[in-house]
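Okay, structure first, notes after.
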Amino acid sequence: MSHVFAAAAPPLSPPAGLPRRLLDVSAALWLALALGGQLLFAAYLVAAYLLPTLQGRLESWNLKLPKGYTPGDAWGNALVGLHLLFALLILVGGALQLLPPLRRARPALHRGIGRAYLIAAATLAVGGLLLVWTRPALGGLGQHLGISLNALLMLAFAGLAWRAARARRIEAHRAWALRLFLAVSGVWFFRLGLPLWLMWHGKPVGFDPKTFDGPFLTTLAFAQTLLPLAVFELLRAARRSARPAFHGAVALLLAALVLLTAAGLFGAFHMLWSPPL
Ligand code: HEM
26 MSHVFAAAAP PLSPPAGLPR RLLDVSAALW LALALGGQLL FAAYLVAAYL
76 LPTLQGRLES WNLKLPKGYT PGDAWGNALV GLHLLFALLI LVGGALQLLP
126 PLRRARPALH RGIGRAYLIA AATLAVGGLL LVWTRPALGG LGQHLGISLN
176 ALLMLAFAGL AWRAARARRI EAHRAWALRL FLAVSGVWFF RLGLPLWLMW
226 HGKPVGFDPK TFDGPFLTTL AFAQTLLPLA VFELLRAARR SARPAFHGAV
276 ALLLAALVLL TAAGLFGAFH MLWSPPL
């Protein structure tokens with residue numbers, strides 16, 4: 026995962042002490058867990074949507090999405106179908122893109138997947154906005170605004186990552202590409218955050234499970250994008266800093282996030298993805 030750190034590495038790194046090494050190890054651990062967890066989400070997409078679609082059972086989209094497939098609504102069904110297809114592609118593409126061995130051994134492939142990733146991100150963002158604002162989606166206005174912010178940031182980060190790559194500003198390209206990866210992962214963070222909250226409280230708190238609306242879900246809809254980006258900027262700041270105490274504090278935060286992510290994945294698997302996984 027070392028190239029991921031390069032995005033946050035200062036041009037002249039201070040000598041790496043134990044806290045600085047712990048920072049790198051905890052960031053690498055979190056990333057490995059996140060990539061594995063996103064592949065699990067991708068496997069769910071295959072089992073819940075791709076396989077039934079290939080078998081001509083489009084109505085089974087509705088097992089997880091109350092209004093996913095609506096007979097007669099060709100435009101709406103196509104929008105949902107394309108959304109799910111691009112969602113699958115971007116999850117797998119993101120995992121491939123962040124694997125350092127592949128990037129080093131096959132730079133041309135890295136560029137190819139990178140271009141496809143940017144296009145998929147822009148398509149998902151625009152298609153997602155259409156879904157949210159033209160179809161009756163679950164959740165209230167606050168959640169719609171939160172996911173729309175996510176989509177707009179995806180568009181902005183994709184544009185900035187592309188511009189930096191064209192200008193051969195590699196450090197800036199990596200940083201924008203990682204911000205894009207985190208924004209794209211927003212919906213995955215949401216799917217971890219909700220089960221974590223439910224496991225913590227033992228019952229729905231701060232939202233109505235029938236309407237899927239309430240202050241907790243509105244907060245989560247914004248946090249799914251803004252919190253991971255804030256942690257990323259903290260990591261970058263820690264990497265630039267020469268202060269071991271700062272390295273140690275951010276390493277501890279990341280270690281805690283590894284545990285939270287693992288617990289969130291456990292919850293998402295049991296509450297959202299199984300069955301069909
Ligand atoms: C970027 C990565 C994204 C992925 C991987 C993704 C994935 C998914 C998945 C898997 C579903 C089906 C629900 C489920 O089974 O969990 C879904 C539904 C949905 N997504 Fe996304 N999504 C992404 C981005 C977005 C964005 C940016 C928006 C909005 C701006 C959005 C809006 C929606 C809506 C409204 C639905 C419900 C569709 C309906 O029934 O009408 N998604 N998405």
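The sequence shown begins at 26 in this note's numbering and counts up one residue at a time. All C-beta atoms, glycine included, are put in the ideal place defined by N, C-alpha and C.
So, with DSSP's three-state summary, where would you put Asp98?
coil
For Ile138 versus Val209, is the C-beta distance shorter than 8 Å?
no
Measure the C-alpha to C-alpha separation of Ile144 and Leu154 and round it to an integer number of angstroms.
15 Å
Segment contact, 8 Å Cβ cut-off, at least three pairs: the region 215–224 with the region 288–299
yes
State yes or no: is the C-beta of Leu185 within less than 8 Å of the C-beta of Thr250?
no
Continuous alpha helix (DSSP H) stretch holding Ala197: start and end
Ile195 to Val209
Shorter than 7 Å, the distance from the beta carbon of Leu149 to the closest heavy atom of ligand 1, or not?
yes
Runs of alpha helix (DSSP H) lying entirely within the region 97–173, each at least 4 residues, in chain order
99–122, 125–130 and 132–159
Val310 Cβ short of 7 Å to ligand 1 heavy atom set:
Given that the chain is displayed from residue 26 to residue 302, the structure contains no residue 310 and the question cannot be resolved.
Contact between the region 252–259 and the region 226–238 (3+ Cβ pairs under 8 Å)
no
For Gly93, which residues from the same chain have a beta carbon less than 7 Å from its beta carbon, with the 5 sequence-adjacent residues on both sides left out?
Trp86, Asn87 and Val105
Below 8 Å between beta carbons: does that hold for Ala246 and Gln168?
yes
Check whether Ala68 and Leu302 have beta carbons under 8 Å apart:
yes
Please confirm whether any heavy atom of ligand 1 lies closer than 7 Å to the CB of Arg194.
no
Can you grab the Cα-Cα spacing for the pair Ser266 / His272, in whole Å?
8 Å
At 4 residues or longer, and completely inside the region 200–277: list those alpha helix (DSSP H) runs for me, N to C.
211–226 and 240–265
I'd like to know whether the C-beta atoms of Pro269 and Gly42 end up nearer to each other than 8 Å.
yes
Between the CA atoms of Leu203 and Arg46 - distance to the nearest angstrom
21 Å
CB-CB under 8 Å to Leu259, same chain, minus the five flanking residues each way: which ones, in chain order?
Val275 and Leu278
Option in Leu110, Gly239, Leu174 and Ala141 with minimal Cα separation from Val71:
Leu110
For a test of the three-state rule: what should DSSP assign to Val29, helix, strand or coil?
Residue placement at Val29 is flagged as unreliable, the pLDDT there being 48, under the threshold of 50; the coordinate-derived value follows with that caveat. Val29 falls in the helix class under three-state DSSP.
Just checking my contact of Leu205 with Phe182 at CB under 8 Å: how many whole Å lie between their CB atoms?
4 Å
Taking 7 Å as the cut-off, does the CB of Met179 come closer than this to any heavy atom belonging to ligand 1?
yes
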